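Position in the sequence shown counted from 1, then plus 7, gives you our numbering.
The structure appears below as structure tokens.
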Amino acid sequence: MYPWVCAACGREFDGKNLRELTVHHKDHNHDNNPLDGSNWELLCIYCHDNEHSKLRVYEAREEEPATKAAEQKTTHTHKAFAGLDDLIKKKRKN
Numbered sequence: 008m009y010p011w012v013c014a015a016c017g018r019e020f021d022g023k024n025l026r027e028l029t030v031h032h033k034d035h036n037h038d039n040n041p042l043d044g045s046n047w048e049l050l051c052i053y054c055h056d057n058e059h060s061k062l063r064v065y066e067a068r069e070e071e072p073a074t075k076a077a078e079q080k081t082t083h084t085h086k087a088f089a090g091l092d093d094l095i096k097k098k099r100k101n
């Protein structure tokens with residue numbers, strides 16, 4: 008149905024390494040198997056693992072309480088360009 012190419016990285020496969028090419032369900036629902044294959048894509052084992060890792064990270068962030076996420080955000084207080092305008096004006100006067 009599909010050429011033996013990873014949909015993510017474009018790596019091509021042949022009979023020798025075809026076992027490294029896997030079917031990935033785009034919506035992550037293994038029960039959704041339309042006959043036209045519209046919920047599938049071929050991914051190499053590395054890209055397949057990466058795709059599922061992204062999903063796990065997303066799900067973990069969704070489960071994280073809002074207060075904990077707010078605590079983890081860093082507020083930057085250093086202003087790298089503070090006083091730069093004064094220095095430029097002083098330089099122009101000289």
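Every residue, glycine too, gets a C-beta built ideally from N, C-alpha and C.
Note that the coordinates shown come from a computational prediction; the quantities given were computed from them, not determined experimentally.
I'd like to know whether the C-beta atoms of Lys33 and Glu19 end up nearer to each other than 8 Å.
no
Name the residue from Pro41, Leu50, Asp38 and Arg63 whose alpha carbon lies nearest to the alpha carbon of Leu25.
Leu50
What would DSSP say about Leu49, mapped onto helix, strand or coil?
strand
Alpha carbon to alpha carbon, what distance is there between Val64 and Val12?
26 Å
Where Ala89 and Cys54 are concerned, what is the direct C-alpha to C-alpha distance, given to the nearest angstrom?
45 Å
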